[in-house]
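Protein chains: 2
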Amino acid sequence: MVKHMDVPEETMQRMLAYLRELDCLWNEGKEKFSSQSLAKALHMNPAQIRKDFSYFGEFGTRGVGYATKQLIQELRAILNLDRTWRLALIGVGNIGSALLRNPELKRQGFEIVLAFDKDPRRIGNKIGPLTVEDVVNVKRRIREEKVQLAIIATPVECAQETADKLIQADIKGFLCFAPCHLSIPDEIRIVPIDIPMALGKLVYHMEV
Amino acid sequence: MVKHMDVPEETMQRMLAYLRELDCLWNEGKEKFSSQSLAKALHMNPAQIRKDFSYFGEFGTRGVGYATKQLIQELRAILNLDRTWRLALIGVGNIGSALLRNPELKRQGFEIVLAFDKDPRRIGNKIGPLTVEDVVNVKRRIREEKVQLAIIATPVECAQETADKLIQADIKGFLCFAPCHLSIPDEIRIVPIDIPMALGKLVYHMEV
Chain A
0 MVKHMDVPEE TMQRMLAYLR ELDCLWNEGK EKFSSQSLAK ALHMNPAQIR KDFSYFGEFG
60 TRGVGYATKQ LIQELRAILN LDRTWRLALI GVGNIGSALL RNPELKRQGF EIVLAFDKDP
120 RRIGNKIGPL TVEDVVNVKR RIREEKVQLA IIATPVECAQ ETADKLIQAD IKGFLCFAPC
180 HLSIPDEIRI VPIDIPMALG KLVYHMEV
Chain B
0 MVKHMDVPEE TMQRMLAYLR ELDCLWNEGK EKFSSQSLAK ALHMNPAQIR KDFSYFGEFG
60 TRGVGYATKQ LIQELRAILN LDRTWRLALI GVGNIGSALL RNPELKRQGF EIVLAFDKDP
120 RRIGNKIGPL TVEDVVNVKR RIREEKVQLA IIATPVECAQ ETADKLIQAD IKGFLCFAPC
180 HLSIPDEIRI VPIDIPMALG KLVYHMEV
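Here it is, written out as structure tokens:
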């Protein structure tokens with residue numbers, strides 16, 4: 000198998016989209032599919048899909064198409080999604096609590112195993128399966144639990160400070176719900192989930 | 000002012016990022032800034048920023064830079080963010096409830112004015128400022144309240160049906176938290192917020 004570093008970022012992102020769509024096809028009972036049908040569902044060109052797949056070797060059978068379940072397993076392995084990732088959550092306000100209570104994340108291979116907050120009224124509370132811990136212990140606890148990923152769901156004004164602490168704790172990547180830009184080293188991966196900005200994308204082309 | 004349709008989508012998305020960063024600069028007390036300092040904060044090329052701005056006319060003063068507050072106001076006007084947008088929310092599970100309780104959205108110009116669910120145990124509940132309504136009335140209520148935007152926070156298996164109903168109610172765009180692909184007409188704008196996929200982006204390059 001090729002090293003992922005040699006595969007374009009855009010291809011990896013599309014592989015995630017293919018996996019999501021294949022999961023849907025499988026849930027609808029479709030045991031086989033063609034690159035044409037996948038392309039149609041995703042409004043894409045089938046040649047693009049075949050080219051993306053070709054980075055990782057041969058998957059389908061010419062004229063027969065792809066076996067859905069088998070390809071799901073292969074994509075999960077390629078995407079490092081054939082295991083459970085352990086996450087730390089920082090900030091158990093509205094969004095953070097919603098994530099802790101969401102069983103879908105674990106089903107997708109992401110388990111929140113540590114939850115932190117700085118608010119004394121929240122520390123010690125049980126939310127879903129976890130007890131909220133004091134954020135002052137974040138570095139020690141993340142190392143003890145060998146957690147590599149984190150979710151920042153703090154208010155904007157604590158987000159940079161939180162990111163700095165997580166990086167000191169050797170976190171390799173994080174999702175950030177705080178709608179702000181963070182300064183982090185290049186080798187750390189950050190994926191922002193900025194809900195106000197997403198809403199902004201809905202309206203700039205609206206007629207007003 | 001140029002019509003937004005003539006401006007590349009990527010420029011409009013970057014304008015949103017500039018606005019977010021300027022809001023941060025303003026909150027930090029910075030009344031003036033240069034395209035260099037903005038570019039540095041966003042890890043971008045200053046020429047790109049000046050080019051993006053140039054679609055909308057002259058903003059700054061050569062050698063002096065930009066006045067933060069004034070540019071924030073101009074960007075908000077360009078991005079249609081100089082008003083309050085009224086939204087309908089469908090699905091008041093964990094994520095939907097978190098959005099209803101989040102005061103930040105309204106501060107950013109997005110007010111959820113209708114909330115729906117299909118679960119009888121949720122209909123009639125008061126969450127934040129709203130009472131959850133029965134989703135069977137979604138079309139009538141959206142038209143009555145003249146709402147143009149929606150947020151889908153239903154489980155995956157209801158997301159397409161919900162999108163279809165919203166389109167019948169003349170919704171022009173929506174955010175979708177359900178991690179699945181939806182079939183919608185080209186003229187309707189959809190912005191997905193797919194948390195499992197965002198987490199997936201964190202791990203495909205991880206060494207395992």
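Line by line, the protein sequences give chains A and B.
Quick note: the first sequence uses numbering that gives the first Met the number 0, first residue 0, plus one each step.
Quick note: the second sequence uses numbering that gives the first Met the number 0, first residue 0, plus one each step.
Built from N, CA and C at the ideal position, the CB exists for glycine as well.
All figures in this text were calculated on a predicted structure; none of them were measured in a lab.
If you look at E144(B), you'll find it isn't in any beta strand (DSSP E); DSSP assigns it neither H nor E. Where C175(A) is concerned, there is no enclosing alpha helix (DSSP H), although the beta strand (DSSP E) around it starts and stops at 172–175.
Residues of the region 41–73 of chain B with a C-beta atom less than 8 Å from some C-beta of chain A are L41, listed in chain order. By the Cβ neighbour-count rule, P191(B) is buried, with 16 or more other Cβ atoms within 10 Å of its own.
The C-beta of Q69(A) has fewer than 16 other C-beta atoms within 10 Å across all chains shown, which makes the residue exposed. K164(A) is the residue among P154(A), K164(A), A76(A), D5(A) whose C-alpha sits nearest the C-alpha of L148(A). DSSP, read as helix, strand or coil, puts V202(B) in helix. The shortest CA-to-CA distance from H42(B) to any of R85(A), I183(A), K50(A) is the one to I183(A). At least one CB atom of chain A sits nearer than 8 Å to the CB of V202(B). For the 8 Å CB-CB criterion, A152(B) and I89(B) form a contact. Residue-level contact by beta carbon fails for A76(A) and chain B, as no gap is shorter than 8 Å. Using a C-beta cut-off of 8 Å, the region 96–114 of chain A makes no contact with the region 46–57 of chain A, since fewer than three inter-stretch Cβ pairs fall below that distance.
Beta bridge pairing from DSSP links F115(B) with I89(B), E132(B). Between P45(A) and S53(A) the beta-carbon gap is near 12 Å, outside 8 Å, which marks them as no contact.
L174(A) is positioned such that its CB atom lies closer than 8 Å to that of L201(B). Just so you know, the alpha carbons of I94(A) and G92(B) end up roughly 12 Å apart. Note that the C-beta distance between C179(A) and A162(A) is not below 8 Å. Rounded to the nearest angstrom, the Cβ distance from Q167(A) to K145(A) is 15 Å, too far for a contact under 8 Å. For L148(B), the chain A residues whose Cβ falls inside 9 Å of its Cβ are L198, L201, V202, M205, in order along the chain.
T67(A) is classed as buried because its beta carbon has at least 16 other beta carbons within 10 Å across all chains shown.
Per the coordinates, the alpha-carbon of N79(B) lies some 43 Å from the alpha-carbon of D81(A). Annotation: I151(A) is outside any alpha helix (DSSP H); the continuous beta strand (DSSP E) that includes it extends over 148–151. When Cβ-Cβ separations below 8 Å define contact, C23(B) makes contact with chain A. If the five residues before and after I122(B) are omitted, its C-beta is found closer than 7 Å to the C-beta atoms of D116, V131, E132, D133, all from its own chain and listed in chain order. In its chain, beyond the 5 residues on either side, P178 have a beta carbon closer than 7 Å to the beta carbon of P195(A). Comparing C-alpha distances from I170(A) to each of L86(A), E156(A), N136(A), M205(A) shows the shortest one belongs to L86(A). Secondary structure of I126(A) (DSSP, three-state): strand. Separation of V207(B) and Q47(A) (C-alpha to C-alpha, rounded to the nearest whole angstrom) is 28 Å. When rounded, the separation of the alpha-carbon atoms in L18(B) and F109(A) is 32 Å.
For R188(A), the enclosing beta strand (DSSP E) starts and ends at 188–191.
The bridge partners DSSP lists for E110(A) are R85(A). For A162(A), DSSP assigns no beta-bridge partner whatsoever. In the three-state reduction of the DSSP assignment, A168(A) falls in the coil class, being assigned neither a helical nor a strand state. Here the alpha carbon of K105(B) sits roughly 44 Å from the alpha carbon of K50(A). In this chain, the alpha helix (DSSP H) harbouring R75(A) covers 67–77.
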